[in-house]
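One structure is given here, and the rest of the page talks about it.
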Amino acid sequence: MESIHMNCPRCKTTLNQKNYEKVMIDYCTGCGGVWLDAGEIQTIVENQGEAFSKAQITATLQAAKAGIPPSEIESVENCPKCSSGMTPMNYNYSSGIVLDVCQQGHGIWFDQGELERVQISFESWNKRSQEMRSSWSELVQQGMHEAHAAETTADLRFRKNLGPVGTAIDALLVWMKSRR
385 MESIHMNCPR CKTTLNQKNY EKVMIDYCTG CGGVWLDAGE IQTIVENQGE
435 AFSKAQITAT LQAAKAGIPP SEIESVENCP KCSSGMTPMN YNYSSGIVLD
485 VCQQGHGIWF DQGELERVQI SFESWNKRSQ EMRSSWSELV QQGMHEAHAA
535 ETTADLRFRK NLGPVGTAID ALLVWMKSRR
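Start counting at 1 in the sequence shown, then tack on 384, and there's your number in our numbering.
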């Protein structure tokens with residue numbers, strides 16, 4: 385990634401660079417904010433190298449809230465790369481973590497602590513979905529079994545209502561199964 389002089393969109397301090405989760409990020413020593421270029425967030429959340437305390441995890445998950453507070457909409461900053469306005473976005477719609485996204489697609493601004501909160505939220509959702517995957521699989525299997533049983537019962541009732549023709553169909557089905 386080429387090094388471009390950028391200023392913090394919040395406090396206008398020159399952004400510095402450091403390696404974080406195998407990504408060279410731009411960060412502000414003044415306010416603690418972080419700028420990630422397009423695509424860098426994906427690399428960071430997939431690395432999962434940071435360890436977070438139970439207190440950090442609990443606080444992040446308890447703060448989950450949908451929507452964007454009016455104060456975030458009123459304080460729109462400009463992208464440090466292209467100076468276009470940034471759009472506030474609630475990460476994962478209901479995390480309560482409001483990020484500022486460049487309208488031109490250059491990247492995302494994270495206020496102090498938001499990057500870590502996004503990582504916690506992402507890791508929590510991944511863990512929860514893995515835990516639920518087996519339960520979901522069991523529910524799907526049970527639903528398929530119940531649907532098959534209901535279908536079989538309905539077929540039997542239908543054939544029974546056909547009288548002698550239904551009896552002939554039953555005999556034909558038994559014969560066909562024996563020929564497999």
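Think of the CB as a built atom: it goes at the ideal place given N, C-alpha and C, for glycine as much as any other residue.
(request) Rank Met473, Ala552, Gln487 and Ala448 by C-alpha distance to the C-alpha of Ser467 and give the top, closest one. (result) Gln487
(request) State the DSSP-derived secondary structure class of Leu399, mapped to helix, strand or coil. (result) coil
(message) Can you look up Thr413 in the DSSP assignment and give me helix, strand or coil?
(response) coil
(request) Rounded to whole angstroms, what's the CA-CA distance from Cys412 to Thr471? Just pull it up for me. (result) 20 Å
(message) If distances are taken between C-alpha atoms only, which option among Met390, Ile425 and Arg394 comes closest to Leu499?
(response) Ile425
(message) Using only the alpha-carbon positions, how far apart do Leu523 and Ala555 sit?
(response) 34 Å
(message) Among the candidates Ala435, Phe436 and Pro464, whose CA atom is the shortest distance from the CA of Asn400?
(response) Pro464
(message) Suppose you measure from the CA of Gly469 to the CA of Thr444; what does that come to, to the nearest Å?
(response) 27 Å
(request) Taking the CB atoms as reference points, tell me whether Glu434 and Gln503 lie closer together than 8 Å. (result) yes
(message) Can you list, in chain order, the residues of its chain with a C-beta nearer than 7 Å to that of Ser390? Leave out the 5 residues immediately preceding and following it.
(response) Checking the displayed sequence, the identity of residue 390 turns out to be Met instead of Ser. Same-chain partners within the cutoff: Leu399, Asp410, Trp419, Pro464 and Lys465.
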